[in-house]
Amino acid sequence: MCGIIGISSNKSVSSSIINSLKKLEYRGYDSAGLATLFDGEIHEIKSEGRVNHLEKNFDLKNLKGTVGIGHVRWATHGIPNSINAHPHSSHNVSVVHNGIIENSTLLKKSLSDKGHKFKSQTDTEVITHLITENLKTNELEEAITKTLKQLDGSFALGIIFKEIPDLIVGARRGSPLAVGYGPSENYLGSDSYALKSMTNKITYLDDGEFCIIKKDQVNFFNQNGKKINKKILELTSDELSYEKGDFKHFMAKEIEEQPTTIKTGIKEYIDNLNNDVNIFNFPWKINEIKSITLIGCGTAYHSCLMAKYWFEKLTSLDVTIDIASEFRYRNNRFKDNSLYIFVSQSGETADTYAALNLCNQNKMKTCAVVNVIESSIARDSNYVLPIHCGPEIGVASTKAFLGQILILYILALKFGILKNEIKKDDYLQKIKDLKNLPILLEKTLLLDNDIQAISSTFNEAKGSMFLGRGFSYPIALEGALKLKELSYIHAEGYPAGEMKHGPLALIEEGMPVVVLAPKDSYYKKTISNMQEVIARGAKVLLITNKSTDEVFSENIWQTIEVESTNEDLLPFLLTVPLQKLAYYSALKKGYDIDKPRNLAKSVTVE
Ligand code: AGP
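Residue numbers for the sequence shown, in the working numbering: 337 to 942.
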C-alpha cells in the first residue's frame, strides 16, 4: 500500500533513497518524500505525485546527511497532496508509515491538549507527535516501546531523530518490514524488492518487533523492549526480472512471460520421468482432509473460484471459497478436517493475512499459494506452494494469475489420484496435456492484432459484460476486472445463465459483450445465452477455441479462437485475449498501465 525505505550509512543517502523509492512506486504513487539528518536538523522534502517530481522540484544535492528515510504513498487518511505526503516531522522526530492507526483521532486530541500542533490530515503525524511526547520522559527504547503499545491498528514505521543522528528505528505490526545489510551501511525497507538492488542479505521483522539500525550494527527488540536475535536470509538475486527489457510496460512483459511461468511451474511440480505430480513434504495424510476452503482477494479470489471447479470435477471433496475481507468477519464454522488455502501473489494482502491469522488462532491446517516466498502469508502458513513466476511488477496481475491456477490445478490432480477419484490413465493424459500448455499459450499470445483493433469499441462504450459458464465463469470475472482496473471502464463479469434474471435489462444496441464459449461441456448452453444478448442488440465478442464444430449463431460481431486442448486447461488460454484486451484498451486511452489510478500492487491495509 505504501513504500518505505531507510538508510544509515557512512556516506550521503539521498540519491540511494530516491532510487529505492522508484522501485517502491508499485506499492503506491500518489505522493512521495524523504528526510535526512544533517547540520543538527531534520531536513524534509516531499511532493504530490511521482518520485521524479521530487527530483524536478528539489535540488537533491543539497540534501546531505548519512541517515535518512523515504516514502511513497497510497492515501488512506487525507487526500494525496504535499502536506499529507510522508515523512511527517516534528522539531525532533520524523516518521514514514505504512498502515492505518485506528485510534489516531483520540490520540490526536490528547496530544493537541498537550500543545502539539498538527499540519496534516494523516494518522501518521499522530505517531510523530506521540514519540516526540514520550521522548520527553523516556530513553529511546522505552519511548518506542511505550509508543507502539499506545497505537491501535497496523504499521510499518521508519523513524529518525534529530538528537540521535546516527540511527533509524523500524517497527512492524501487520504491515511488512525488512532490514538489509550492506557494506558500511544498513537498510530498512517495506520488502526485499526495495532492498535487492543494494543487498541480498535480509531480515524480516515479525509483528510487535522493532529494530535500531546504525551504519555498522542492527539490534532487534520484542514488544517489551527486550533485545532478541533474528536470522539473516540470503535471497536469490533475480535483478534481471525486475527490469522491463525492451517491453513498453511491465504488464506487457508479464503477459508474454506466461508460457515460461507455466513451464517453470510444471518443472517444479511435475516429475517428468514418472509423469507424476510432486507435492513435496505435504504435512497431512490425504484422508485427513475432508474439505477445502480457498481464500483470496481480487484476482487471487478468481483463482480460488477456478480451483473450486477443478477440485469438484477431480475429487469428491467439499470445496468452499471466500473473499478474504468477508471471511475474516464471518461467523466461521472451523472444521479440523478442512484445509484452508490462502492465495496471494504478494503474500502481504492485509485481508488475506488476517484470514490466515484467524485460521492459525483456531489451529486449522493452512496452506499458502504465493509468489513471494519470504512474505508474511508464506511465513505464517503451515505449508507453502510457491508459484515461481518471478517478480510481478504490473499492478494488474497477469502471469501470477496463471501461476496460481496452475498450482491449484496440479494440487487438485494430486488429490484426485491419491483419493483414487481419477483413473490412472486420465491422470497421465491430463499431465501430458498440461506439458503441452506452454506451446499453446505461445500460439495464443500471437492473437495480438485482432485484439488491438477490437479494444477501441470497448473504450467508446459506457460499459460491457463478460459472460461465461462453468470453467469459463471465473475467467469472465477476471477479464472484467482487468478491463476495469486498466481502462477505468465499467465492466461486469457474470454467469452466462444468470443474464435473464435481471442484467439482460442492461443490454442495449451496440453494447460490447464478451462471451467465453469454448467447445466444452457448457458450450451449447452458453451459445443460447449469447443469442439472448445478440437479440437485444449487443455486439458480441465471442472467444472460443479452434475446432470443427460450427458456432450456431449469426450476427456475432467478432470471434477470437484460441488453441484447443483438454477442457480443464481451456481457462488458461481464454485468459490471454482478455488480458490483452484490457492492455490495449488502456494503451489507447493513454493511461498508466503498470500503475493504474487509485490502486497499489500490494494492499497491506484493510
Ligand atoms: C489484480 O489485477 C489486482 N491488482 C488485485 O485484485 C489483486 O489481485 C489483489 O489485490 C490481491 O493481491 P495478492 O494476490 O497480492 O493478494
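Backbone N, C-alpha and C define an ideal beta-carbon position, used for all residues, glycine too.
With a threshold of 16 other beta carbon atoms within 10 Å, residue 848 meets it and is buried. Between residue 819 and residue 794, the CB-CB gap stays under 8 Å. Taking a 10 Å sphere around the C-beta of residue 552, we find fewer than 16 other C-beta atoms and assign the residue as exposed. Taking a contact as a CB-CB distance under 8 Å, the pair residue 737 and residue 639 counts as one, their CB atoms being some 6 Å apart.
Taken in chain order, the unbroken stretches of alpha helix (DSSP H) that lie wholly in the region 480-540 and span 4 residues or more are 528-531.
The alpha-carbon separation between residue 449 and residue 442 amounts to approximately 11 Å. The alpha carbon of residue 681 has as its nearest neighbour, out of 711, 656, 873, 438, the alpha carbon of 711. Fully enclosed alpha helix (DSSP H) runs of no fewer than 4 residues occupy 859-870 of the region 826-907, in order along the chain. In the structure shown, residue 585 adopts coil according to DSSP, grouped into three states. With respect to residue 924, residue 792 sits close: the two C-beta atoms are nearer than 8 Å. DSSP places residue 808 in the helix class (H, G or I) of the three-state scheme.
Between residue 750 and residue 744, the alpha-carbon positions lie close to 10 Å from each other. Between the ligand AGP and the CB of residue 632, the shortest heavy atom gap is smaller than 7 Å.
Look at the beta carbons and you see the region 398-413 touching the region 378-387: at least three pairs across the two are nearer than 8 Å. Straight through space, the alpha carbons of residue 880 and residue 857 are spaced by roughly 13 Å. Per the DSSP secondary-structure output, residue 380 pairs in a beta bridge with 371. In this structure, residue 529 places its C-beta atom within 8 Å of the C-beta atom of residue 359. Looking at the DSSP output, residue 679 sits in a beta bridge with 705. With respect to the 8 Å criterion, residue 657 and residue 630 are classified as neighbours on the basis of their beta carbons. Within its own chain, the residues whose Cβ lies closer than 8 Å to the Cβ of residue 733, once the five positions on either side in sequence are excluded, are 634, 635, 636, 681, listed in chain order.
Not one heavy atom of the ligand AGP is found less than 7 Å from the C-beta of residue 377. Selection 344, 421, 876 evaluated against residue 387 yields 421 as nearest (Cα-Cα).
Beyond the five residues adjoining it in sequence on each side, residue 673 comes within less than 8 Å, by CB distance, of 624, 625, 626, 627 in the same chain, given in chain order.
Within 7 Å of the C-beta of residue 681 there is at least one heavy atom belonging to the ligand AGP. Assignment of beta-bridge partners to residue 731 by DSSP yields no partner.
In this structure, the ligand AGP has no non-hydrogen atom nearer than 7 Å to the beta-carbon of residue 738.
Per DSSP, reduced to three states, the secondary structure at residue 613 is strand. Judged by DSSP secondary structure, residue 659 falls within the beta strand (DSSP E) whose first and last residues are 654-659. Distances from the CA of residue 499 to each of 471, 438, 679, 599 were compared; the closest alpha carbon is that of 471. Ranked by Cα distance from residue 796, the first of 865, 700, 922, 869 is 922. For residue 664, DSSP assigns no beta-bridge partner whatsoever. When the beta-carbon positions are compared, residue 731 and residue 930 come within less than 8 Å of each other. When the beta-carbon positions are compared, residue 559 and residue 493 stay at least 8 Å from each other. Going by DSSP, residue 794 is part of the alpha helix (DSSP H) stretching over 785-796. DSSP, reduced to helix, strand and coil, places residue 824 outside both helices and strands of the structure shown, so it counts as coil. Residue 773 sits away from residue 912, with the two beta carbons spaced by 8 Å or more.
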